[in-house]
Amino acid sequence: MSETTPGRKRWRWLRREAIDLGDLLVQIIAVVVGILLALLINDWVTQRQQQANIDEAMRAIRAELTQNRVVVRHFAAHMYRMAAEMQDSPKNRGKPAQACYSWNQWDGIGGMVPLDAAYQTSIATQALANMPFQQAQVVSRIYGWQHYASKGIELDTALLMQPHPLDFCVGLVQEVGRDAMQLDDLYSKLIGPETATRPKPPASPSGQ
Numbered sequence: 000m001s002e003t004t005p006g007r008k009r010w011r012w013l014r015r016e017a018i019d020l021g022d023l024l025v026q027i028i029a030v031v032v033g034i035l036l037a038l039l040i041n042d043w044v045t046q047r048q049q050q051a052n053i054d055e056a057m058r059a060i061r062a063e064l065t066q067n068r069v070v071v072r073h074f075a076a077h078m079y080r081m082a083a084e085m086q087d088s089p090k091n092r093g094k095p096a097q098a099c100y101s102w103n104q105w106d107g108i109g110g111m112v113p114l115d116a117a118y119q120t121s122i123a124t125q126a127l128a129n130m131p132f133q134q135a136q137v138v139s140r141i142y143g144w145q146h147y148a149s150k151g152i153e154l155d156t157a158l159l160m161q162p163h164p165l166d167f168c169v170g171l172v173q174e175v176g177r178d179a180m181q182l183d184d185l186y187s188k189l190i191g192p193e194t195a196t197r198p199k200p201p202a203s204p205s206g207q
């Protein structure tokens, strides 16, 4: 008997204690609730940060488009005015086809350089990716057309080297102006309509 007593003392720390399943369940639930609460708080903070970035991006984009509208309207008015002066110039009547830049009153179709820094920044900061789909679609469409209009001017410039009748060159200038005004229409979706009078293309050529 005395031989087994020391062994019992050595292993006494291995005695099994009764487990209160109720307490264990409460502890598990507390841990789970704590984890879920931490995740919810983190998600809430993340969403607030994302919304703040979106709001800041939209303020910058609207300010940029407001500046671009001034550039676009000035450019469109210049195109329409040039088209009218070309088609009404007595020096252009009865002349054969020639390069567009050779017609009297031609003043070039360059000069429209709308900004897109705010748009590029919204992409780099993930603000555009976190926007609601429809809002992001409107923003992307506006800047996509802005890029198209700028590239279209570059393509039209290649035509200037070839001989064309006056009506073709006047129509080309008017089309460049119309493309610019389509940008103005798209801008309205984000910054509202402009109260100033819209530039308009010239009437039909004199004598027609």
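Counting with numbering that gives the first Met the number 0, you get residues 0 to 207 for the letters of the sequence shown. Cβ atoms here follow ideal geometry from the backbone N, Cα and C, with glycine treated the same way.
**Prompt:** Between S139 and G151, what straight-line distance do the alpha-carbon atoms span, to the nearest angstrom?
**Reply:** Roughly 18 Å separates the two Cα atoms.
**Message:** What I want to know is whether the C-beta of L185 ends up closer than 7 Å to one or more non-hydrogen atoms of the ligand HEM.
**Reply:** Ligands displayed in this structure: none; no statement on the ligand HEM is therefore possible.
**Message:** For the structure I just gave you, are there three or more beta carbon pairs, one from the segment 176 to 193 and one from the segment 65 to 83, closer than 8 Å?
**Reply:** Contact between the segment 176 to 193 and the segment 65 to 83 is present: three or more C-beta pairs spanning the two stretches fall below 8 Å.
**Prompt:** Among P89, D42, R80 and Q97, which has the Cα closest to the Cα of Q161?
**Reply:** Checked all of P89, D42, R80 and Q97; the closest Cα to Q161 is Q97.
**Request:** Check A202 in the structure and name its three-state DSSP category.
**Result:** Here A202 sits in coil by DSSP.
**Asked** Along the chain, which unbroken stretches of the beta strand (DSSP E) at least 3 residues long are found entirely within the segment 62 to 111?
**Response** Counting whole runs of 3 or more residues, the segment 62 to 111 contains no beta strand (DSSP E) stretch at all.
**Asked** Alpha carbon to alpha carbon, how far is R197 from Y147?
**Response** Y147 has its alpha-carbon roughly 21 Å from the corresponding atom of R197.
**Beta-bridge partners of H163, as assigned by DSSP** = Answer by DSSP bridge pairing, in chain order: Q97.
**Asked** Around the C-beta of A157, are 16 or more other C-beta atoms found within 10 angstroms, so that it is buried, or is it exposed?
**Response** Counting the other CB atoms within 10 Å of its CB gives A157 a total below 16, which places it among the exposed residues.
**Request:** Could you give the DSSP three-state label for E193: helix, strand or coil?
**Result:** In this structure, E193 counts as coil in the three-state DSSP scheme.
**Prompt:** Leaving out the 5 sequence neighbours to the left and right, which residues in its chain are closer than 8 Å to N41 when beta-carbon positions are compared?
**Reply:** Result list for N41: empty, nothing under 8 Å.
**Prompt:** What's the gap between the Cα of A126 and the Cα of Q145?
**Reply:** Rounded to the nearest angstrom, the two C-alpha atoms are 20 Å apart.
**Simplified DSSP assignment, three categories, for T124** = T124: coil per DSSP, three-state reduction.
**Message:** Given this structure, state the Cα-to-Cα distance separating W43 from N52, to the nearest angstrom.
**Reply:** Their backbone Cα atoms lie some 14 Å apart in a straight line.
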